[in-house]
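If you read the sequence shown in the working numbering, its first letter stands for residue 35, the second for the next number, and so on.
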Amino acid sequence: YSQVQSTVLEGISHLEMQQISIKRLDNCYALVITSDKHMIKIRDYFVNHKSDSEKHEER
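Written out as C-alpha coordinates, the structure is:
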(Lines of atoms letter the chains of each structure in order from A; the text may use other names.)
(Lines give C-alpha, C1' and ligand atoms only; values in the text may rest on other atoms or scores of the structure.)
Protein backbone atom coordinates (compact mmCIF):
# COMPACT_ATOMS: atom_id res chain seq x y z
CA TYR A 35 0.00 0.00 0.00
CA SER A 36 2.69 2.51 0.96
CA GLN A 37 4.62 1.82 -2.25
CA VAL A 38 1.54 2.51 -4.35
CA GLN A 39 0.72 5.62 -2.33
CA SER A 40 4.21 7.07 -2.78
CA THR A 41 4.10 6.32 -6.51
CA VAL A 42 0.73 8.05 -6.86
CA LEU A 43 1.92 11.08 -4.92
CA GLU A 44 5.02 11.24 -7.12
CA GLY A 45 2.84 11.05 -10.24
CA ILE A 46 0.58 13.80 -8.93
CA SER A 47 3.55 16.09 -8.32
CA HIS A 48 4.82 15.44 -11.87
CA LEU A 49 1.39 16.29 -13.30
CA GLU A 50 1.16 19.46 -11.22
CA MET A 51 4.62 20.54 -12.40
CA GLN A 52 3.36 20.20 -15.98
CA GLN A 53 0.22 22.16 -15.01
CA ILE A 54 -2.07 19.23 -15.83
CA SER A 55 -5.30 19.25 -13.84
CA ILE A 56 -5.87 16.24 -11.62
CA LYS A 57 -9.24 17.30 -10.23
CA ARG A 58 -12.49 15.62 -11.28
CA LEU A 59 -14.86 17.73 -13.35
CA ASP A 60 -17.87 19.14 -11.52
CA ASN A 61 -20.25 17.58 -14.03
CA CYS A 62 -18.52 14.19 -14.12
CA TYR A 63 -21.48 12.40 -12.58
CA ALA A 64 -23.94 14.21 -14.85
CA LEU A 65 -22.12 12.75 -17.85
CA VAL A 66 -22.41 9.25 -16.40
CA ILE A 67 -26.12 9.66 -15.68
CA THR A 68 -26.72 10.99 -19.17
CA SER A 69 -24.98 8.01 -20.72
CA ASP A 70 -27.02 5.65 -18.51
CA LYS A 71 -30.24 7.25 -19.76
CA HIS A 72 -28.97 6.88 -23.31
CA MET A 73 -28.16 3.20 -22.77
CA ILE A 74 -31.67 2.60 -21.42
CA LYS A 75 -33.12 4.14 -24.58
CA ILE A 76 -30.90 1.92 -26.72
CA ARG A 77 -31.85 -1.20 -24.75
CA ASP A 78 -35.55 -0.35 -25.07
CA TYR A 79 -35.12 0.16 -28.81
CA PHE A 80 -33.52 -3.27 -29.24
CA VAL A 81 -36.13 -4.99 -27.07
CA ASN A 82 -38.94 -3.38 -29.07
CA HIS A 83 -37.20 -4.12 -32.36
CA LYS A 84 -36.76 -7.77 -31.36
CA SER A 85 -40.42 -8.15 -30.44
CA ASP A 86 -41.45 -6.48 -33.72
CA SER A 87 -39.21 -8.89 -35.64
CA GLU A 88 -40.69 -11.88 -33.81
CA LYS A 89 -44.23 -10.69 -34.59
CA HIS A 90 -43.29 -10.30 -38.24
CA GLU A 91 -41.82 -13.82 -38.38
CA GLU A 92 -45.01 -15.30 -36.92
CA ARG A 93 -47.06 -14.01 -39.86
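Beta carbons are placed, not taken as given, at the ideal position from N, Cα and C, and that holds for glycine.
Which residues in the same chain as residue i place their Cβ atom closer than 8 Å to its Cβ, once the five residues preceding and following it in sequence are excluded?
i, result
"I46", "I56"
Alpha helix (DSSP H) containing residue i: first to last residue?
i, result
"I46", "36–51"
What's the C-alpha gap between residue i and residue j?
i, j, result
"R77", "S69", "12 Å"
"V81", "K75", "10 Å"
"Q52", "R58", "17 Å"
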